[in-house]
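K.L.:
In my numbering, each residue carries its 1-based index in the sequence shown increased by 880.
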Amino acid sequence: MPEDEARLTPPESLLQVIDNLSRFHREHEEYYSQAPLRQAGELQARSRALKSLADRWSDVEAGEQASGIVFVGTEDLNAPGLVAESGILFMEGEGEPAELRRLKREVGMLADDTEQGGAWLAQAMEQAWEIAGSLAAFPALADLLGERHRIIANDWQSAGMQALIARLLRRALDLLDRVDFSPAALRADLRGGRKAPSYLYSASELFDRAADLMAESATLVHENERRWRMFRARVRELQSE
């Protein structure tokens, strides 16, 4: 390669690094363009469960404990169809259903994982931004710098969304913690101010917004796929010269 042409092209060592990033991070992002969609679907199912309970408790009249047998289902508190869909079953003599406890535990874990993933991604994009800026020294890559910076911008935006998703999920859990889900406490609420449905509706709305952001985050990452291919194709072209 002539000396003047070499100055236009990144050194071979840098091309190898760029090729590695283009290959492995493209594959990594293929996963993260799908995983948030699955998580969003699961979160929407949890939201529907909360809305079903809130709908039921907004209208039903509080009953009395129908049996001394602790495993008997509560006729007034169980929402029609929800037991089969979600497993959430209120039983006489029992406290908060195990399925609700699991729902809250899983959402808490999702919030932690999402927050940690977003923090890692934001830090990685700080470094990627600096590296991408240094590529401006090589005219052979000049026409692709917009594409590379768009990848970084999309990932950085996704990182910010993940931080917000974690906040929304944790606040939804705070609202659910305001509700005593034991049958006795719920019946007392139904005979009084009926505050539980309002907390459930609000928590479900936060779940919904978090799910929307998960889908938007997946879309941002999915948009990067073609840009990674273009960048890697150019690197391969330069390596073959």
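Note that beta-carbon positions come from the ideal geometry of N, C-alpha and C, so glycine has one too.
Predicted model, so just to flag it, every value in this text is computed and none were measured.
Below 8 Å between beta carbons: does that hold for E979 and I968?
P.N.:
In the sequence shown, counting from the first residue as 1, residue 979 sits at position 99. In the sequence shown, counting from the first residue as 1, residue 968 sits at position 88. Closer than 8 Å, so yes.
K.L.:
By Cβ distance below 8 Å, which residues in the same chain neighbour L1053 in space, the five residues on each side in sequence not counted?
P.N.:
Numbered from its first residue, the sequence shown carries residue 1053 at position 173. Within the same chain, L1053 has close Cβ partners K984, V987, G988, A991, A1083.
K.L.:
Between V963 and the rest of its own chain, which residues show a CB-CB distance below 6 Å, the 5 nearest in sequence each way excluded?
P.N.:
Here residue 963 is taken as the residue at index 83 of the sequence shown, counted from 1. Within the same chain, V963 has close Cβ partners L969.
K.L.:
Beta-carbon within less than 6 Å of A1046's beta-carbon, same chain only, minus the 5 sequence neighbours each way: which residues are those?
P.N.:
In the sequence shown, residue 1046 corresponds to position 166, counting from 1. Short of 6 Å from the beta carbon of A1046, and not among the five residues preceding or following it, lie these beta carbons of its own chain, in chain order: A991, T994, E995.
K.L.:
Which of helix, strand or coil does DSSP assign to G997?
P.N.:
On the sequence shown, position 117 is the one that residue 997 refers to. In the structure shown, G997 sits in a helix (DSSP, three-state: H, G or I).
K.L.:
Once you ignore the five residues that flank E909 on each side, which residues in its own chain have a CB closer than 6 Å to its CB?
P.N.:
Position 29 of the sequence shown, counted from the first residue, corresponds to residue 909. Once the five neighbours on either side are set aside, the close Cβ partners of E909 are V1101, N1104.
K.L.:
May I ask you to verify whether the stretch 1062–1070 touches the stretch 1033–1041, counting CB pairs closer than 8 Å and requiring at least 3?
P.N.:
no
K.L.:
Here's the rule: buried if 16 or more other CB atoms are within 10 angstroms of the residue's CB, otherwise exposed. What is Q1020?
P.N.:
For the purposes of this step, residue 1020 is taken as residue 140 along the sequence shown, with counting starting at 1. Residue identity differs from the one stated: residue 1020 is Ala in this sequence, not Gln. Under this definition A1020 is a buried residue.
K.L.:
Could you compute how far the alpha carbon of G998 sits from the alpha carbon of G1013?
P.N.:
The residue labelled residue 998 in the question sits at position 118 within the sequence shown. The residue labelled residue 1013 in the question sits at position 133 within the sequence shown. In this structure, the alpha-carbon of G998 lies about 22 Å from that of G1013.
K.L.:
Terminal residues of the continuous alpha helix (DSSP H) containing M1094?
P.N.:
Translated into positions along the sequence shown, residue 1094 becomes position 214. That run of the alpha helix (DSSP H) goes 1076–1102.
K.L.:
Verify whether the separation of the beta carbon atoms of F1111 and S902 is less than 8 Å.
P.N.:
Start at 1 with the first residue of the sequence shown, and residue 1111 comes out as number 231. Start at 1 with the first residue of the sequence shown, and residue 902 comes out as number 22. Yes, the pair counts as a contact, with Cβ atoms nearer than the cut-off.
K.L.:
Which parts of the stretch 1015–1081 are runs of the alpha helix (DSSP H), unbroken and 4 residues or longer, counting only runs that do not cross its ends?
P.N.:
Taken in chain order, the complete alpha helix (DSSP H) segments of 4 residues or longer contained in the stretch 1015–1081 are 1025–1056, 1063–1071.
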